[in-house]
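Residue numbers (this note's numbering), protein chains in the order written: chain A, 898 to 1181; chain B, 8 to 308.
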Amino acid sequence: MTRNARRGQLGNRLLAVWSVIVFAFLFLPIIVIIAYSFNSGRLLVAWEGFSLAPFAAIFEKPVIRDAVMVSIRTGLIAAVLASLLGTLAGIAMARRPGRWVWWFLGLLLLVSVTPEIVDAVALLPWLVFLGQDLGISLFSDGTARLVVGHSLFSVAIVSYIVRARLVGQDARLEEASADLYATPLRTFMKITLPLAMPAVLAGFLLSFTLSLDNTVVSAFVQVSGTTPWPVYVLSALRSGLRPEIAAVSTIMLVLTLISLALVALVLKRAGDSATQIARTMAGG
Amino acid sequence: MPQRPPRVRSPRFVLAVPAWAWLLAFFVAPIGMVVWFSFGYKPGIFGTHANDVLSFDRYVEALSPTFFTTFQNTLWVGVLGTLLCLIIGMPVAYWMAVKAPPERRGLLLALVMVPFWTNFLVRTLGWQVILAPEGWLSTLLQGIGVTDGPLEVLYTRAAVLIGVVYNYLPLMILPLFVAFDRVSTPLREASKDLGANAVSTFLRVTVPLARPGIIAGVLLVYIPLMGDYITATVLGGAQGNMIGQLVASQFGTAQNWALGSAMAVLLIIVIMLSIGIAAALIWAATLPFRSRSRLILGEGS
Chain A
898 MTRNARRGQL
908 GNRLLAVWSV
918 IVFAFLFLPI
928 IVIIAYSFNS
938 GRLLVAWEGF
948 SLAPFAAIFE
958 KPVIRDAVMV
968 SIRTGLIAAV
978 LASLLGTLAG
988 IAMARRPGRW
998 VWWFLGLLLL
1008 VSVTPEIVDA
1018 VALLPWLVFL
1028 GQDLGISLFS
1038 DGTARLVVGH
1048 SLFSVAIVSY
1058 IVRARLVGQD
1068 ARLEEASADL
1078 YATPLRTFMK
1088 ITLPLAMPAV
1098 LAGFLLSFTL
1108 SLDNTVVSAF
1118 VQVSGTTPWP
1128 VYVLSALRSG
1138 LRPEIAAVST
1148 IMLVLTLISL
1158 ALVALVLKRA
1168 GDSATQIART
1178 MAGG
Chain B
8 MPQRPPRVRS
18 PRFVLAVPAW
28 AWLLAFFVAP
38 IGMVVWFSFG
48 YKPGIFGTHA
58 NDVLSFDRYV
68 EALSPTFFTT
78 FQNTLWVGVL
88 GTLLCLIIGM
98 PVAYWMAVKA
108 PPERRGLLLA
118 LVMVPFWTNF
128 LVRTLGWQVI
138 LAPEGWLSTL
148 LQGIGVTDGP
158 LEVLYTRAAV
168 LIGVVYNYLP
178 LMILPLFVAF
188 DRVSTPLREA
198 SKDLGANAVS
208 TFLRVTVPLA
218 RPGIIAGVLL
228 VYIPLMGDYI
238 TATVLGGAQG
248 NMIGQLVASQ
258 FGTAQNWALG
268 SAMAVLLIIV
278 IMLSIGIAAA
288 LIWAATLPFR
298 SRSRLILGEG
308 S
């Protein structure tokens, strides 16, 4: 073995060791939160002993239960809405390309790179304007406000994913369907939509997860009475964190993992490779 | 009655109209409103904004010494955080895409995905638990004698830096992985056959070809990092203030929407300007290299 080759092997080993360290780093706080959700102490950060009390507390405290329910309800509505808008936009971009696509992609890019805090502080006065000054009572409703806030980024994600999927698929199926005298609606329902379905499902689940996670926009647009879970946590920061918060986080983490696993499963059954799945999950 | 033509094509973008309308109504319009508010003022204690007199005064007011300190702090965390993410993430992405066994790649990607999709606030809380003076790390470090007193990292700039590097690292690894994955093995082997060692193959073949991914990763980390609000709030305390918190406090406690709007606009300007300056600097710095070691590849690469 030459010296170069041996040095190369050492380099590879160093790379592998570094990667393992980084993976450990990536999981450290998650593991800590899961472990501390079994903390019997009164405060989250000070470990006292093992207990299931924090999980029991979720059911005993209506505030926490309500916050989780608000999060899940908002997540579902926002995901349905984002999938609907995003799917249509994604199909249009893939199947009716033209110069407008670049403008639209530009807008989606702007939506996805704008710092959340800017979205948040912009939506607050706008929703107040729509709800109070224009008197559209829908925008004074807590759930509606949260759904609006959560939908923006999700619409962009779903559009990217659906477009990416359909661009990679043959358009001739749709042409054949039209040649066989199927109406445009029938072609859409029978051919285009089934082709896009894995991407739509993935987009739906990712939107749901994004909505569960959304903290910054929620904190600004929420109306008291419909406080979603992350905003409750954020306000608990000031009054002192208790182990229940870790317990709910653990449950939410499981929920996230389930939806991620479903995304991977859906995409895998649609024939995507690991890299393609990663690309989809990273937002196209 | 004349026969309908077999293919009626609606206008090209008709299916995208709902999404257009939605984003115009709830993204473009609100941001436009913030820009409009930034030229107004706060009328009295109870009002939040008024626009009957337009001026640039809020921008002048926003550029106060407090803003500059926070601005410097944000830039420090933003630039250093992005660089650290790049330095930490690049070897990992390279290893995953090139060195790791291909059949393990799915699993490795899943391992990056899980932290990426875990609730941002929860991940940050995890760090608060770790770094707390009464937490286990502090006890451990005191136990083995590394530090004398309790760990005093929480609520400092260092804690914010740890938090942002942690929070945004997956956003760097994923695009880098995709980029390295695209650089095919034959090209690297060709470089090796032509006598290049591993380092110069990496620097002169792999990195130039992966450049779009590197740029994407840097931007994906830098932009949200500069606007970060949660990490700085949970881990930063008074010392770790960032512009995002300043903007938030004007809309929250201070109820001064005009000033807050000006700060939000400044935040976006700062982000765009710093990216522009960095791009120009990098362009100028790499000018002598580019002319010599230009890599021209055909379609097949």
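C-beta atoms are modelled at their ideal positions from N, C-alpha and C, and glycine is treated no differently.
Pick out whichever of the options has its Cα sitting closest to the Cα of residue i.
| i | options | result |
| --- | --- | --- |
| Pro177/B | Ala26/B, Leu227/B, Phe46/B, Val254/B | Leu227/B |
| Leu1015/A | Lys199/B, Phe20/B, Leu22/B, Ile278/B | For the sequence presented, residue 1015/A should be read as Val rather than Leu. Minimum Cα distance to Val1015/A is reached at Ile278/B. |
| Leu1138/A | Val942/A, Leu1102/A, Ala1019/A | Val942/A |
| Arg87/B | Arg164/B, Leu158/B, Ala100/B | According to the sequence shown, residue 87/B is Leu rather than Arg. Of Arg164/B, Leu158/B, Ala100/B, the residue nearest in Cα terms is Arg164/B. |
| Gln79/B | Leu91/B, Leu266/B, Leu274/B | Leu274/B |
| Ile38/B | Ala291/B, Trp264/B, Asp64/B | Trp264/B |
| Ile955/A | Ile1142/A, Arg1166/A, Arg903/A, Val967/A | Ile1142/A |
| Pro231/B | Gly251/B, Trp290/B, Leu242/B | Gly251/B |
| Lys1087/A | Leu1006/A, Leu1070/A, Val1018/A | Leu1070/A |
| Met1094/A | Leu1049/A, Val1160/A, Leu911/A, Thr1011/A | Val1160/A |
| Thr1011/A | Asp235/B, Ser145/B, Val60/B | Asp235/B |
| Gly1100/A | Ser1051/A, Thr1153/A, Thr1124/A | Ser1051/A |
| Leu978/A | Leu1154/A, Arg910/A, Leu1043/A | Leu1043/A |
| Ala881/A | Leu1131/A, Gly1122/A, Gly987/A | Residue 881/A cannot be examined here, being either before or after the span of chain A that is shown, 898 to 1181. |
| Val160/B | Leu242/B, Ile289/B, Ala28/B, Ala26/B | Leu242/B |
| Thr238/B | Ala36/B, Phe209/B, Gly85/B | Gly85/B |
| Phe187/B | Ala197/B, Arg218/B, Glu196/B | Arg218/B |
| Phe20/B | Arg992/A, Val914/A, Glu945/A, Asp1169/A | Arg992/A |
| Ser916/A | Val105/B, Leu294/B, Ala287/B, Leu280/B | Val105/B |
| Leu1020/A | Val1097/A, Val1008/A, Gly1046/A | Gly1046/A |
| Ala32/B | Phe947/A, Leu1024/A, Leu1006/A, Leu1077/A | Leu1024/A |
| Gly1039/A | Val998/A, Asp1067/A, Thr1123/A, Leu1027/A | Thr1123/A |
| Gly1168/A | Leu1092/A, Thr1147/A, Pro1125/A | Leu1092/A |
| Asn936/A | Trp143/B, Tyr162/B, Leu183/B | Trp143/B |
| Arg970/A | Ser1146/A, Ser1108/A, Thr1147/A | Ser1108/A |
| Gln906/A | Gln262/B, Trp102/B, Arg111/B, Ser191/B | Trp102/B |
| Trp134/B | Gly1003/A, Tyr933/A, Leu1082/A | Tyr933/A |
| Ser256/B | Ile222/B, Thr77/B, Pro157/B | Thr77/B |
| Leu70/B | Ile289/B, Ile284/B, Ser268/B, Ile282/B | Ser268/B |
Is it right to say residue i is buried, meaning 16 or more other beta carbons lie within 10 angstroms of its own, or is it exposed?
| i | result |
| --- | --- |
| Thr1080/A | exposed |
| Leu1150/A | buried |
| Gln1183/A | Outside the shown range of chain A, which is 898 to 1181, sits residue 1183/A, and nothing can be said about it. |
| Arg1062/A | buried |
| Ser1034/A | exposed |
| Pro193/B | exposed |
| Gly5/B | No answer is possible for residue 5/B: it lies beyond the span of chain B, which begins at 8 and ends at 308. |
| Val919/A | buried |
| Ser1136/A | exposed |
| Ser1056/A | buried |
| Asn204/B | exposed |
| Val960/A | exposed |
| Tyr1078/A | exposed |
| Glu957/A | exposed |
| Ala100/B | buried |
| Pro12/B | Low confidence applies to Pro12/B: its pLDDT is 48, below 50, so where it sits in the model is not reliable enough to give any reading. |
| Phe127/B | buried |
| Ile137/B | buried |
| Asp1030/A | exposed |
| Trp944/A | buried |
| Val153/B | exposed |
| Ile169/B | buried |
Quickly, what does DSSP pair residue i with across the bridge? List them, please.
| i | result |
| --- | --- |
| Asn936/A | Phe947/A |
| Tyr48/B | Ala57/B |
Residue i versus chain E: which residues are under 8 Å apart at the beta carbon?
| i | result |
| --- | --- |
| Glu141/B | This model lacks chain E altogether; the protein chains it does include are A and B. |
Chain A contacts made by the segment 251-264 of chain B, where a contact means CB separation under 9 Å: Gly251, Gln252, Val254, Ala255, Gln257, Phe258, Gly259, Trp264
Near-chain B residues of the segment 1131-1162 of chain A - C-beta to any C-beta below 8 Å: Leu1131, Leu1134, Leu1138, Ile1142, Ala1143, Ser1146, Met1149, Leu1150, Thr1153, Leu1154, Leu1157, Ala1161
Members of the segment 910-922 of chain A that neighbour chain B once the beta carbon cut-off is set at 8 Å: Leu912, Ala913, Trp915, Ser916, Val919, Phe920, Phe922
The segment 182-205 of chain B: positions lying closer than 8 Å to chain A by Cβ: Pro182, Phe184, Val185, Asp188, Asn204, Ala205
The segment 1159-1179 of chain A in contact with the segment 969-977 of chain A per 3-pair CB rule at 8 Å: no
Three-pair Cβ contact test at 8 Å for the segment 977-991 of chain A versus the segment 1099-1118 of chain A: yes
Chain A contacts from the segment 40-73 of chain B (Cβ-Cβ distance under 8 Å): Met40, Val41, Phe44, Thr55, His56
Proximal residues, the segment 230-246 of chain B versus chain A, C-beta separation under 8 Å: Ile230, Pro231, Met233, Gly234, Asp235, Tyr236, Ile237, Thr240, Val241
At least 3 beta-carbon pairs within less than 8 Å: the segment 1162-1175 of chain A vs the segment 116-130 of chain B: yes
Cβ-based contacts, 7 Å cut-off: residues of the segment 987-1001 of chain A near chain B: Ile988, Ala989, Met990, Arg993, Gly995, Trp997, Phe1001
Meets three-Cβ-pair contact criterion under 8 Å: the segment 1151-1158 of chain A and the segment 943-950 of chain A: no
Chain B contacts made by the segment 1027-1043 of chain A, where a contact means CB separation under 8 Å: none
Residues, ordered as in the chain, of the segment 115-135 of chain B that lie near chain A by beta-carbon distance below 9 Å: Leu115, Leu116, Ala117, Leu118, Val119, Met120, Val121, Pro122, Phe123, Trp124, Thr125, Asn126, Phe127, Leu128, Val129, Arg130, Thr131, Leu132, Gly133, Trp134, Gln135
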